[in-house]
Amino acid sequence: MSVISHVCLGTADLARAVRFYAALFEELGLRLRFHEPENGWAGWMPRDADRPLVIVGRPWNGEAPNPGNGLMTALTARSRASVDRCHALALAAGGTCEGPPGLRSHYHPDYYGAYFRDLDGNKLCVVCHEAQGDRGAEGDA
């Protein structure tokens with residue numbers, strides 16, 4: 016059981032956000048569970064489980080979304096190659112780089128992550144925690 020039930024990422028433009036996240040979440044093994052433009056949200060979940068659910072949508076209070084200072088959503092990838100692909104997909108879809116893919120051994124010896132912001136400024140990390148024998152250069156967080 017995951018201790019995380021769901022994560023919500025705010026967006027001002029649901030259609031744009033769905034386009035941004037579709038290939039990225041597919042690479043991470045998430046499937047689209049619902050897409051309700053009339054309600055302003057969409058949600059993805061693992062192919063083989065009900066949780067955690069990742070929701071992208073307009074804020075319920077009707078105000079503009081804004082990323083929290085110090086808030087970051089980190090998603091687990093199966094491999095370092097998947098981390099690389101996710102980072103490339105995010106940048107190709109208009110995201111901005113917050114730290115290229117690489118080892119960050121100051122977290123732990125096998126922490127391989129990449130950081131980026133989505134089109135609404137939400138900061139995300141995609142990380143692989145597994146040793147894979149492809150030690151590369153240390154990256155920035």
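Quick note on our numbering: the sequence shown kicks off at 16 and runs consecutively.
Where a beta carbon is used, it is the ideal one built from N, C-alpha and C, also for glycine.
Alpha carbon of residue i to alpha carbon of residue j, nearest angstrom
i    : j    : result
M60  : R66  : 6 Å
K138 : F35  : 14 Å
G136 : E145 : 28 Å
P52  : G72  : 9 Å
A92  : W75  : 30 Å
V142 : A105 : 14 Å
A27  : L134 : 9 Å
A30  : A37  : 11 Å
Which residues DSSP lists as bridging residue i, in chain order
i    : result
W56  : E51, G72
H21  : L68
F131 : C112, L139
P61  : L45
Delimiting residues of the beta strand (DSSP E) encompassing residue i
i    : result
L118 : 111-118
A89  : 88-91
Simplified DSSP assignment, three categories, for residue i
i    : result
H144 : coil
R46  : strand
Start-to-end residues for the alpha helix (DSSP H) that takes in residue i
i   : result
L39 : 29-42
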